[in-house]
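Numbering (UniProt numbering), first residue to last: 1 to 238.
Beta carbons are placed, not taken as given, at the ideal position from N, Cα and C, and that holds for glycine.
Heads up, the thing below is written out as structure tokens.
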């Protein structure tokens, strides 16, 4: 009877251990590039007797962000890595191993490249609208020489932004192909540091706005163009 009780206790212990592993283990497999960093953050936190909420306060992020780091769902950015190393009282090199450090640096560079491309594309669209309005106003209220001078400057600005936007978009396209980013949601998840296949927030932005981003931007663009056209017509008729 005593032997049966011991066996039963061992069985229950194993079941509890399996259950804990299912709930507490990282969401990525051990071969993932982010898994060593995720395990290290969790191990250092637990070794310091620090709660996730306390670590979040020290690093100036939310508790959910810390959970995502420890699960391997997202990657800390460069500033967060510095704060993490300071919170644990270790150097940044001690926090990162060579493999994960290079991966994070490369990912950070790619994120910046995508952000620059998006910003330049918006700037190009804005320049076309604003530039057209400026030229029309100049021809309406200034002398021909002044108006043509402004037009020449505007053309230089437009071509400069256009060329920069094309180059940046070409780089962004390569990054999208490399990381299999097929739509706006994928790009946004990449910029926010979510790993492929990770569960995304169930908010209005992620569930409704981003999936319909093309429609939203198209409507906004046509609205701005229409109002700009109305303004220019009103100026010419004035």
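Asked                                                                                             : Found
Of the residues 178, 115 and 180, the one placed nearest residue 165, counting alpha carbons only : 115
Three-way DSSP call (helix, strand, coil) for residue 217 in this model                           : helix
C-alpha distance - residue 233 paired with residue 224, whole-angstrom precision                  : 14 Å
Boundaries of the alpha helix (DSSP H) in which residue 90 is found, first to last residue        : Where residue 90 is concerned, there is no enclosing alpha helix (DSSP H), given that its DSSP letter is neither H nor E.
Same chain only: Cβ atoms within 8 Å of residue 173, ignoring 5 sequence neighbours per side      : none
Proximity of residue 59 and residue 37 at Cβ, strictly below 8 Å                                  : no
Contact under 8 Å by Cβ, residue 40 with residue 95                                               : yes
Coil, strand or helix - residue 203 by DSSP                                                       : coil
Opposing strand residues paired with residue 194 [DSSP bridges]                                   : 74
CB contact flag (residue 150, residue 134, <8 Å)                                                  : yes
Residue from 140, 79 and 147 with nearest C-alpha to residue 105                                  : 79
Three CB pairs or more closer than 8 Å across the stretch 186 to 203 and the stretch 109 to 124   : yes
Residue 139 in three-state terms, based on DSSP                                                   : helix
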